[in-house]
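Worksheet for the structure shown next.
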Amino acid sequence: MAKKADKPYTGQIHQVVKWPEPVLAQRGDEVTVFDDALKQLVEEMFESMYIAQGIGLAAPQIAMSKRITVIDVSFKKNPSDKLALINPEIIHAEGRQVEEEGCLSLPEIREKVVRAAKVRVKAQDVTGKWFEVEGEELLSRALQHEIDHLDGVLFIDRISRLKRELVLRKIRKMQKNGEW
Ligand code: NI
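For the sequence shown, our numbering gives the first residue as 157, with consecutive numbering after it.
Laid out in structure tokens, this is it:
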């Protein structure tokens, strides 16, 4: 749903939680109720994602352990790229791509992550209706990254042990300096 640009957003903006917040490591609960509160939450998630300069946001990142994610790989440029996925599941994956990834819950951390080149995902929309979406390149990566969040998996769980240790060292240093 597109909102008028001149109309200020009045919903709640959610703070994005950072690693090592425990909610990020939990499996989100299935969504079973498709009501106005869910529609409102999805709109709030899009707005919170845009304010945080992200192209994807999963509910556990706003401390809500639910299987909900929003993605917009064009960052507002192309309205048809706005995707809200409820209870998403990867039903097909093929190929391989290796690109740098970042995450709003791991600010300033970027690492190369191996992902499937192409995925097909089935999910429910805000009304509960099932649909399928296919993604390649960046969309494929975003779908895999966000669905991982719903399973309590972060991209630093998908890099080598050595690289992960270096990342954790960098985070500890930032924490010590009050930059995290
Ligand atoms: Ni992320």
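In this text, a Cβ means the ideal position worked out from N, Cα and C, and glycines have one as well.
Q: Check whether the Cβ atoms of Ser221 and Gly184 lie closer than 8 Å to each other.
A: yes
Q: Kindly list the residues whose CB is nearer than 6 Å to the CB of Glu293, restricted to its own chain and excluding five residues on each side of it in sequence; keep chain order.
A: none
(Q) On the CB-based measure, 16 or more other CB atoms within 10 Å of its CB, does Asn333 come out buried or exposed? (A) exposed
Q) Exposed or buried, Arg223, counting other C-beta atoms within 10 Å across all chains shown (16 or more means buried)? A) buried
Q: Report the rounded CA-to-CA distance for Ser316 versus Asp192, giving the unit in angstroms.
A: 42 Å
Q: Taking only the alpha-carbon atoms, compute the straight-line gap between Gly258 and Leu295 and give it to the nearest angstrom.
A: 14 Å
Q. Pick out every residue whose C-beta is nearer than 6 Å to a heavy atom of ligand 1: which are they, in chain order?
A. Cys259, Leu260, Ser261, His301, His305
Q | Boundaries of the alpha helix (DSSP H) in which Phe202 is found, first to last residue | A | 192-207
(Q) Below 8 Å, how does it come out for the region 300-317 and the region 175-182: are there three or more Cβ pairs, yes or no? (A) yes
Q: Could you tell me the distance, in whole angstroms, from the CA atom of Glu200 to the CA atom of Glu256?
A: 27 Å
Q | Contacts around Val187, its chain only, beta-carbon distance under 8 Å, and the 5 residues preceding and following it disregarded | A | Leu194, Lys222, Arg223, Ile224, Ile242, Asn243, Gln280
(Q) Let me confirm a value: Gln209 is counted as buried when at least 16 other C-beta atoms fall within 10 Å, else exposed. Which label applies? (A) exposed
**Q.** Same chain, Cβ closer than 8 Å to Glu267, five either side skipped, listed in chain order
**A.** Glu256, Glu257, Phe311, Ile312, Ile315, Lys319, Val323
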